[in-house]
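According to my numbering, the sequence shown is numbered sequentially starting from 164.
Note that beta-carbon positions come from the ideal geometry of N, C-alpha and C, so glycine has one too.
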Amino acid sequence: TPVGNIKNANFPVDASGTVYHLGCKKEELAQRVLTVGDYERAEKLSKLLDTDVKIEIRKHRGFVTYTGAYKGVPMSIVSIGMGIPMMDFLVREGRYVVNGPMAVIRYGTCGSVTNVPVGSLAIAKDSVLIRRNPDYWHPSKPSNISPYDISLPCESDPELFENLRSEFVSQYGEERIVTGTNASADSFYSSQGRIDPNFDDQNDKLIDQLIQTHKNIKTLEMETFQLYHLATRSVAPIKAAAATIILANRLSNDFLSNEEKTKLEISGGKACLEALYKQKL
Ligand code: R1P
Ligand code: URA
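Following this line, the structure appears as structure tokens:
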């Protein structure tokens with residue numbers, strides 16, 4: 164492990180300045196970060212970084228970080244695994260080890276709740292958070308409680324969003340790109356409206372409710388909300404935007420093939436790196 168003994172429990176850093184979970188110290192993460200869920204996606208995308216620049220690889224607690232340059236501009240690619248806490252670690256500990264303004268793009272996969280084919284690409288203008296409320300199942304629950312809470316939206320950075328959208332449009336054409344509201348859920352299953360007969364989830368109306376109450380809702384995944392929320396609450400500037408491959412259509416139940424997914428991971432990842440490269444900080 165790259166992390167040594169920790170002195171301060173409030174924000175754990177070792178004597179070399181290495182943060183506890185991400186396993187990077189100052190200068191090991193670039194101001195421009197492309198983050199993905201899957202470490203294999205990160206590895207494929209790291210091949211797009213300049214070969215003549217040394218690439219730092221850090222592996223710790225499930226995080227894999229490649230730091231090098233893209234067309235001469237310092238760039239990191241970080242895979243974080245899945246879910247809100249992992250995005251929280253990346254943004255907070257990443258912010259700690261980087262000096263100056265940051266730009267962070269997430270490139271992931273998602274489910275769609277609109278009538279577009281799998282293999283379309285989505286850019287999240289804003290994102291809401293869907294949380295399962297365990298109090299709903301408590302014997303003394305209040306009568307008006309819902310099993311799932313849906314938050315108000317958090318916005319992407321308008322400039323980085325537009326940059327990312329235009330890179331995707333030039334890569335794939337306007338007709339394959341969807342923009343709108345994303346929902347990040349605290350489960351792939353219950354709070355994304357998947358029906359699981361092994362559990363009491365009370366979620367059979369959740370997708371319909373989401374479509375009724377959020378007219379511009381397009382996608383469901385598990386991290387974008389936390390990125391947008393923390394980026395807009397960061398003291399030092401963080402520009403954030405997110406793009407996703409539509410892997411699952413939740414209305415038709417179609418699922419994208421692995422071959423198509425791999426192609427889109429690389430071509431879309433390149434579009435993300437271009438957007439980060441062109442983004443002024
Ligand atoms: C679930 O299968 C995972 O896929 C999506 C979700 O947000 C969740 O992390 O994103 P990634 O493909 O980036 O992991
Ligand atoms: N990732 C998710 O979180 N949900 C999906 O339906 C597909 C990918």
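Per DSSP, Y183 lies in no alpha helix (DSSP H) segment and is marked neither H nor E.
Any heavy atom of ligand 2 within less than 6 Å of a residue's beta carbon puts that residue on the list, which reads T272, C273, G274, F351, Q355, L383, E384, M385, L410 and A411.
Of the residues assessed, Q375 falls on the exposed side of the cut-off, its CB having fewer than 16 other CB atoms within 10 angstroms. The DSSP-derived three-state label of N278 is coil. When only Cα atoms are considered, E322 and K441 end up about 11 Å apart. The beta-carbon distance between T198 and I247, rounded to whole angstroms, is 13 Å. This is too long to meet the 8 Å contact definition. L414 counts as exposed, since fewer than 16 other beta carbons sit within 10 angstroms of its beta carbon. According to the DSSP assignment, F324 belongs to the alpha helix (DSSP H) that extends over P321 to Y335. Here P297 carries a helix assignment [DSSP, helix/strand/coil]. For R195, the closest C-alpha among the options V166, I218 and T230 is that of T230.
Non-local C-beta neighbours of N361 in its own chain, meaning closer than 7 Å and more than five positions away in sequence, are absent. For D359, the CB stays at least 7 Å from every heavy atom of ligand 1.
Note that the C-beta distance between L390 and V276 is not below 8 Å. L192 places its beta carbon less than 8 Å from that of V261.
The alpha-carbon separation between P400 and C317 amounts to approximately 16 Å. The beta carbon of A205 sits closer than 8 Å to those of V199, V227, Y229, I240, V241 and S242, all from its chain and outside the five residues before and after it, given in chain order. Distance from the Cα of R221 is smallest, within the candidate group G356, D298, T181 and E330, for T181. V176 is bridged by DSSP to V182.
Taken through DSSP and simplified to helix, strand or coil, K378 comes out as coil. Here G271 is bridged, per DSSP, to T407.
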